[in-house]
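Under our numbering, the first residue of the sequence shown carries the number -18, and numbering increases by one thereafter.
Each residue gets a CB set at the ideal place from its N, CA and C atoms; glycine is no exception.
Small disclaimer: the values here were computed from a predicted structure and weren't measured.
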Amino acid sequence: MRSLTRAASLFTVGLACVHADAQLATTLSTVSTQPAAQTASQTNAVVSTGWDSTTTTSLQAAGRILNQASFGPTINDVFAVESSGIASYLDAQFKQPAYIIPAANPQTVTTGDCQSFSCDTEYYWWNDVIFGSDQLRQRVAFELSKLFVVSIDTVDPRYLPNYLNLLSQDAFGNWFNLMQDVALSPAMGTYLNMANSTTPTAGQSANENFAREMMQLFSIGVYALNQDGSLKLDGNGNPIANYTSAQVQNFALAYTGWTFANNDCSAPSSANYYWYNLPPGQSCPMTVLPYAHSTVSKTLLRGTVLPAGQSAQQDLTGALTNIFNDPSMPPFVAQHLIQSLVKSNPSPAYISRVAAAFTDNGSGVRGDMKAIITAILMDPEARADDNGGISDANGGKLRDPILWWASVMRAMGATSTATVPNVAFFEQRFDLWLADLDERPHVTPSVFSYYSPSFQLQGTSTYAPEFQNENTLTISQMAEHMQDAITDNWSENGVTATEFAMNLTANSFWGEAARTATPTNLVNALDALLLHGTMTQGMQQAIVTSIQGLDPATMVRCAVYLIVTSPQYRLMM
């Protein structure tokens, strides 16, 4: 982690410890989705020993897998994984049903950046991210949303619930089904213009946006790959292009003839267009207009020809199958998901092993998501540091802002008393905070997502995608907003935040821990939960010195703030 750690340190802002407000907030009651309270034995393990005991090694392994396979560890989850083991945890997560985000409803909005429909969806998404039980599914779906990009800056936000539900439901299915569902989603149909793309007139071309990005960004990349992710080279040592401009146009022709369904999911008699007040078929896949589909033959990758006269569905299936079977797809997908879940710089051997699982799940099935995810998370390279130490100088990855916020709120036992979405809260506080950090959920600057997977630290060959948006301004704002969150200063313009509050008062779980534990044991406990036992001795001593003599609420707030704004926490090792 040396290169990444040095880079993170450059962006660290030295701020003073957080001080408690004069009036401590009342402990918030929890909603039904809030994790259960800690048991007496768990409390004793945290407070009395700081988790610094003979079980520390297995607790460290539990913390690491939860960082990779969820939106962050909670005390309950760490103890559960420590008790059941990693394989059992993954098996249980694979059996969790997908949380279904309700259809977006309009609410009155007067200020702010996020429209009422998107704020409504954002509330439900965050609620499951922080409190939901389908953590692995939602974490994978989130990483898929950064690959199969749509943005509500361009797409009607009422299409977003259906798209997010599609990603979470397909997260444990088959990659081919995911490709097809994405292709026919109204959100993608709008974003990349496949909706209402018709057979071109003489001298014109079909819209190529979706055809190009499905290959370039979503599935195989620009250049042909070996199984280990390295570039295939021709006899002159040059990269081999995966497709030509002519092939892009043939794929575009194969994707013609689709339009938005009616609100009852039936097919319209002519092209459907949407206006802001009435997006047709917001929860339905797109449907076919037979007369709008090009029926000429189409030559695709590796010499495959779609014969003339086929239907829009036949051509879509044939085109996606052609891409799905491309040799570059397994390593392309493997590298993206490894970088998203585990580490920015996987070895060629790691990529090759996961690509092999994509190609064959052990039963001859290609694209089995459960096999791919299992291969990623159970690989020796992913589990190498479970028992302590850092085996790879460039291991791990930077937590992007969304993952960082979610992991802190989950670890600190965030609570919610909201029963309906408070749009004003998202508009005037939470959404704007994330906008400051250049990563609002599902609002990407372009189809290239928030950052490039090939971004490298300056002057090195170290890949560090999430660092592309890091700068001194975003890091200073991150520290400022975290200070407000830790002190429950979430209200703005008369809007009281009930959605997500980190209760770190004297009467909270961690406040009680600070009251009964020594400062050293408190920091050890936070180390085990937040850093899975990787805190350096120097960091521990500095934090213990900083919190000595403080009242319990200020002590825990100061300790948490210093940890979660540190480079060590931002880097997920």
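Apart from the five residues just before and just after VAL286, which ones in its own chain have a Cβ nearer than 8 Å to its Cβ? SER278, LYS279 and THR280
For LEU485 and MET393, believed in contact at Cβ under 8 Å, the rounded distance: 6 Å
Taking contact to mean at least 3 C-beta pairs separated by less than 8 Å, is the stretch 327 to 334 in contact with the stretch 207 to 225? yes
Could you tell me whether the Cβ atoms of ALA289 and GLY238 are closer together than 7 Å? no
ASN207, DSSP secondary structure in three states: coil
Could you have a look at ASP465 and say whether DSSP puts it in helix, strand or coil? helix
Collapsed DSSP secondary structure at ALA84 in the structure displayed: coil
Pair within 7 Å by beta-carbon distance, ASN450 and TYR432: yes
Rounded to the nearest angstrom, how far is the Cβ of ASN143 from that of GLN263, given a contact under 8 Å? 6 Å
Quick check: ALA50 and LEU117, are their CB atoms within less than 7 Å of each other? yes
Do you know how far the Cα of PHE129 is from the Cα of SER275? 25 Å
Spatial distance of THR340 from PRO311 (CA atoms): 6 Å
ASP508, enclosing alpha helix (DSSP H) - first and last residue: 500 to 511
So what does LYS279 bridge to, in DSSP terms? LEU287
Spatial neighbours of ALA466 in its chain, beta-carbon cut-off 7 Å, leaving aside the 5 residues before and after: MET483
Does the distance from the C-beta atom of ASN48 to that of MET553 stay below 7 Å? yes
With distances taken Cα to Cα, identify the nearest neighbour of GLY530 among THR499, TYR444 and GLY514. THR499
As assigned by DSSP and simplified to three states, the class of PRO422: coil
For SER65, I'd like the list of residues in its chain whose CB is within less than 8 Å of its CB, leaving aside the five on either flank, ordered along the chain. ALA73
Report the rounded CA-to-CA distance for ASN375 versus THR443, giving the unit in angstroms. 7 Å
I'd like the list of long-range same chain contacts for ASP58, defined as Cβ closer than 6 Å, with 5 residues on each side in sequence excluded. LEU47
Roughly how many angstroms lie between the CA atoms of PRO167 and MET267, to the nearest whole one? 6 Å
From the DSSP output, read off the bridge partner residues of MET553. LYS378
Let me check one thing: in DSSP terms, what residues is ASP349 bridge-paired to? ASN155
Quick check on the DSSP output: the alpha helix (DSSP H) that includes GLU189 runs from which residue to which? Counting along the chain, GLU189 falls outside any alpha helix (DSSP H), and DSSP gives it neither H nor E.
With a cut-off of 8 Å on the beta carbons, I'd call GLN509 and PRO533 a contact; round off their distance for me. The displayed chain sequence assigns Ala, not Gln, to residue 509. Wrong, their Cβ atoms sit about 19 Å apart, outside the cutoff.
Given a threshold of 16 other Cβ atoms within 10 Å of its Cβ, counted over all protein chains shown, does LEU145 qualify as buried or as exposed? buried
Where CYS246 falls, given that 16 or more other Cβ within 10 Å makes a residue buried: exposed
What residue range is occupied by the uninterrupted alpha helix (DSSP H) comprising TYR542? 533 to 545
Give me the Cβ distance between SER114 and GLN77, rounded to the nearest whole Å; I'm assuming they're in contact under 8 Å. 6 Å
Integer Cβ distance of ILE111 from HIS423, believed to fall under 8 Å: Rounded, the Cβ-Cβ distance is 16 Å, inconsistent with contact.
Environment of VAL28 [buried if 16+ CB atoms lie within 10 Å]: In this prediction, VAL28 scores a pLDDT of 45, lower than 50, which makes its location untrustworthy; no coordinate-derived value is stated.
For GLY348, is the classification buried or exposed, using 16 other Cβ atoms within 10 angstroms of its Cβ as the cut-off for buried? buried
Distance, SER200 Cα to LEU318 Cα: 12 Å
The alpha helix (DSSP H) that contains THR302, what's its start and end? 293 to 305
In or out: SER69 buried (at least 16 other Cβ within 10 Å) or exposed? exposed
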